[in-house]
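Engineer:
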């Protein structure tokens with residue numbers, strides 16, 4: 057059948073042999089690699105059979121001139137989980153001209169290492185790719201951004217009257233050896249990377265969000281804005297590989313979120329808390345486990361997701377669509393299974409997200425709030441008072457999970473670690489939302505560990521016990537600080553308490569009647585008021 061005159065019959069035969077998985081088909085399928093009509097079906101079939109005799113014949117396509125051919129080849133080779141494949145992928149990282157192929161090779165090396173229990177220094181490969189591009193950078197800003205990535209910084213700040221600043225482990229510091237930028241220099245550095253449409257939008261809006269890409273290095277979330285002294289810019293370093301659950305520190309039991317076919321999952325936290333990274337890890341997990349259509353709307357697109365099991369379409373606001381709301385209106389006609397919303401920032405977007413969740417889609421979005429129960433409140437309070445009862449009912453039926461997070465400096469190594477507050481929407485949580493008793497959620501969460509709930513203090517304690525954060529950082533960020541008082545030094549505690557405002561005595565008279573009215577003496581017992 058593999059030599060039949062009809063090309064479709066040959067392709068069907070190759071696909072069938074792959075599904076059967078009989079190793080007697082390996083040699084005929086290897087010969088079929090020379091048939092241009094059948095070679096891709098043959099490669100896929102060989103990757104399904106996983107006979108190591110096929111590795112070398114497939115690997116010859118790694119030198120193909122087309123990026124998409126090399127990408128398909130590394131995907132096929134990764135199925136073999138063989139040390140020789142890892143070496144071939146490492147060579148691609150060193151030598152492939154495509155940044156996307158390099159990035160995917162790094163991802164696959166990490167996945168193979170996790171499955172086989174071996175250790176591969178993926179961060180070293182990322183640095184290697186960055187160093188290859190350093191000599192080909194497009195100017196002063198590119199040099200700064202490459203340097204920041206190599207030093208594992210999170211952000212680069214360009215501001216008038218200061219040298220360039222790097223943020224590392226949450227702390228902003230000026231970069232040594234760099235000159236102070238005046239208004240003209242800052243404008244020149246920033247405008248050099250903007251296209252004409254971007255310059256026009258900046259002039260109109262006085263700020264612009266976009267994703268800046270340095271070929272063979274990586275992506276950066278950029279915000280350029282006009283401020284009092286001139287033009288400023290902030291560049292967030294986006295990791296070169298899509299994060300996994302293990303990378304961001306999410307507990308393994310949350311992988312069950314992939315079982316949800318509809319509803320709403322919200323990732324919340326203050327600005328700069330790593331929400332986009334966690335969102336990308338959720339999308340990556342679904343992409344690895346489900347054959348679905350994932351449609352994302354972001355501003356800008358940060359992590360690029362290639363097809364693993366799912367079809368992933370990513371749309372960028374102002375580049376591929378006018379607004380979040382405009383994209384969501386179209387999304388319902390684009391046959392998505394999962395809708396990813398980069399920022400649920402206004403009532404219209406939140407309303408459309410709820411509608412999508414109610415009509416059979418799984419909606420995953422981010423929101424700027426500081427706790428899980430405040431996230432629920434934020435959704436409800438986005439609507440007028442006369443609509444909030446209906447919203448409570450809808451949210452109680454559609455909400456599946458809230459993850460609220462913040463970042464803390466690591467004690468065991470450079471960098472930051474996420475502290476998660478986790479609120480699965482189990483039956484008692486739904487009841488509280490429906491009955492307008494969201495204020496009771498923190499108490500429920502303290503008792504709900506067996507149901508997968510986790511308070512911020514629980515996460516802080518776990519991170520501290522693992523040696524990932526200091527007791528002092530845990531105390532500063534704790535809700536119930538008394539839990540951590542015995543773990544910090546007396547000197548630290550005294551210094552912190554000295555900075556706290558004095559407590560107001562709610563019952564200065566001691567008679568149990570509470571505070572006295574301001575401006576008037578407390579009336580004596582029996583006096584007329």
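Numbering (the working numbering), first residue to last: 57 to 585.
Backbone N, C-alpha and C fix where the C-beta goes; we use that ideal spot for every residue, glycine too.
No experiment lies behind these values; they were computed from the predicted model shown.
1. Once the 5 residues before and after residue 191 are set aside, which same chain residues still bring their CB inside 7 Å of it?
2. Find out if the Cβ-Cβ distance for the pair residue 316, residue 418 is shorter than 9 Å.
3. Does DSSP put residue 499 in a helix, a strand or coil?
4. Determine the DSSP secondary structure at residue 205, reduced to helix, strand or coil.
5. Does the structure place the stretch 445-459 close enough to the stretch 308-327 that three or more beta carbon pairs sit under 8 Å?
6. How is the beta strand (DSSP E) around residue 359 delimited, first residue to last?
7. Thinking residue 74 and residue 101 are a contact (beta carbons under 8 Å), I'd like their distance in whole angstroms, please.
8. Are the beta-carbon atoms of residue 510 and residue 532 separated by less than 9 Å?
9. Roughly how far, in whole angstroms, is the beta-carbon of residue 354 from the beta-carbon of residue 398, given that I think they are within contact range, below 8 Å?
10. May I have the straight-line CA-CA distance separating residue 276 from residue 151, to the nearest angstrom?
11. My assumption, with CB atoms under 8 Å, is that residue 168 sits in contact with residue 134. Please give the rounded CB distance.
12. Taking only the alpha-carbon atoms, compute the straight-line gap between residue 468 and residue 211 and give it to the nearest angstrom.
13. Quick one: is residue 543 buried, meaning 16 or more other Cβ sit within 10 Å of its Cβ, or exposed?
14. CB residue 411 to CB residue 349, shorter than 9 Å?
15. Should residue 120 be labelled buried (16 or more other beta-carbon atoms within 10 Å of its own) or exposed?
16. Can you give me the start and stop residues for the beta strand (DSSP E) that residue 369 sits inside?
17. Within the same chain, show all residues whose beta-carbon is closer than 7 Å to that of residue 290, passing over the 5 residues directly before and after it, in chain order.
18. Three-state secondary structure (DSSP) at residue 213?
19. What does the alpha-carbon distance come out to for the pair residue 193 and residue 80?
20. So who's on the other strand from residue 349, going by DSSP bridges?
21. DSSP state of residue 474, grouped into three classes?
22. So if DSSP puts residue 263 in a beta bridge, which residue, or which two residues, is it bridged to?
23. With a Cβ-Cβ cutoff of 9 Å, do residue 132 and residue 154 count as a contact?
24. Just tell me which of 357, 428, 363 has its CA closest to the CA of residue 374.
25. Is residue 224 helix, strand or coil by DSSP?
26. How many Å lie between residue 87 and residue 110 at the Cα?
27. Classify residue 232 as buried or exposed, calling it buried when 16 or more other Cβ atoms lie within 10 Å of its own Cβ.
28. Closest to residue 404 by C-alpha separation, out of 85, 381, 59, 508, would be which residue?
29. In this structure, how does DSSP classify residue 295 when only helix, strand and coil are distinguished?
30. How close, in whole Å, do the beta carbons of residue 529 and residue 464 come, if the pair is a contact with beta carbons under 8 Å?
31. Answer yes or no: do residue 85 and residue 130 have a C-beta to C-beta separation smaller than 9 Å?
Structural biologist: With the structure as the only source:
1. Your numbering for residue 191 matches position 135 in the chain shown. Its pLDDT being 44, under 50, residue 191 is placed unreliably by the model, and the measurement read from it follows with that caveat. Correct list: empty, nothing qualifies.
2. Within the chain shown, residue 316 is the residue found at index 260, counting from 1. Within the chain shown, residue 418 is the residue found at index 362, counting from 1. In contact: residue 316 and residue 418 (Cβ atoms closer than 9 Å).
3. To locate residue 499, count along the chain shown from 1; it is residue 443. Residue state, collapsed to three classes: helix.
4. Here residue 205 corresponds to residue number 149 of the chain shown, with the count starting at 1. Residue 205: helix per DSSP, three-state reduction.
5. yes
6. Mapped onto the chain shown, residue 359 falls at position 303. Looking at the DSSP string, residue 359 is not in any beta strand (DSSP E), and its letter there is neither H nor E.
7. Residue numbering aside, residue 74 sits at position 18 when the chain shown is read from its first letter. Residue numbering aside, residue 101 sits at position 45 when the chain shown is read from its first letter. Right, their Cβ atoms sit about 3 Å apart.
8. Here the question's residue 510 lines up with position 454 in the chain shown. Here the question's residue 532 lines up with position 476 in the chain shown. No, they are not a contact pair.
9. Translated into the one-based positions of the chain shown, residue 354 becomes position 298. Translated into the one-based positions of the chain shown, residue 398 becomes position 342. 4 Å between Cβ atoms; contact.
10. Reading the chain shown from its first residue, position 220 is the one you call residue 276. Reading the chain shown from its first residue, position 95 is the one you call residue 151. Approximately 23 Å between the Cα atoms of the pair.
11. Within the chain shown, the letter at position 112 stands for residue 168. Within the chain shown, the letter at position 78 stands for residue 134. In this structure, residue 168 and residue 134 form a Cβ contact; the two beta carbons are roughly 6 Å apart against a cut-off of 8 Å.
12. Counted from its first residue, the chain shown places residue 468 at position 412. Counted from its first residue, the chain shown places residue 211 at position 155. Between residue 468 and residue 211, the C-alpha separation is close to 21 Å.
13. In the chain shown, counting from the first residue as 1, residue 543 sits at position 487. So residue 543 counts as exposed.
14. By 1-based counting over the chain shown, the position of residue 411 is 355. By 1-based counting over the chain shown, the position of residue 349 is 293. Contact flag unset, no.
15. By one-based count along the chain shown, residue 120 stands at place 64. Its Cβ having fewer than 16 others within 10 Å, residue 120 is exposed.
16. For the purposes of this step, residue 369 is taken as the residue at position 313 of the chain shown. Element bounds for residue 369: 367-372.
17. One-based indexing of the chain shown puts residue 290 at position 234. Excluding sequence positions up to five before and after residue 290, its CB lies within less than 7 Å of the CB of 211, 213, 279, all in the same chain and listed in chain order.
18. Residue 213 sits at position 157 when you count from the first residue of the chain shown. Note: residue 213 maps to strand in three-state DSSP.
19. Along the chain shown, read from residue 1 onward, the residue named residue 193 stands at position 137. Along the chain shown, read from residue 1 onward, the residue named residue 80 stands at position 24. Bear in mind that the predicted position of residue 193 carries a pLDDT of just 44, short of 50, making it unreliable; the figure below should be weighed with that in mind. Near 50 Å, if we compare the C-alpha coordinates of residue 80 and residue 193.
20. Within the chain shown, the letter at position 293 stands for residue 349. Beta-bridge pairing links residue 349 to 367.
21. In the chain shown, residue 474 corresponds to position 418, counting from 1. Strand, per DSSP.
22. Locating residue 263 in the chain shown gives position 207, counting from the first residue. 281, per the DSSP bridge assignment.
23. Translated into the one-based positions of the chain shown, residue 132 becomes position 76. Translated into the one-based positions of the chain shown, residue 154 becomes position 98. By the CB criterion at 9 Å, residue 132 and residue 154 fall outside the cutoff.
24. In the chain shown, counting from the first residue as 1, residue 374 sits at position 318. Considering only alpha carbons, the answer is 357.
25. If you number the chain shown from 1, residue 224 lands on position 168. Strand.
26. Along the chain shown, read from residue 1 onward, the residue named residue 87 stands at position 31. Along the chain shown, read from residue 1 onward, the residue named residue 110 stands at position 54. So the alpha carbons of these two residues sit roughly 10 Å apart.
27. Stepping through the chain shown from its first residue, residue 232 is reached at position 176. It is exposed - the Cβ of residue 232 has fewer than 16 other Cβ atoms within 10 Å.
28. Within the chain shown, numbered from 1, the residue matching residue 404 stands at position 348. Comparing Cα-Cα distances from residue 404 to each of 85, 381, 59, 508, the minimum goes to 381.
29. Locating residue 295 in the chain shown gives position 239, counting from the first residue. Here residue 295 sits in coil by DSSP.
30. Translated into positions along the chain shown, residue 529 becomes position 473. Translated into positions along the chain shown, residue 464 becomes position 408. Indeed they touch by this definition, with Cβ atoms about 5 Å apart.
31. What you label residue 85 is simply residue 29 of the chain shown in a count that begins at 1. What you label residue 130 is simply residue 74 of the chain shown in a count that begins at 1. Taking 9 Å as the Cβ cut-off, residue 85 and residue 130 do not qualify as a contacting pair.
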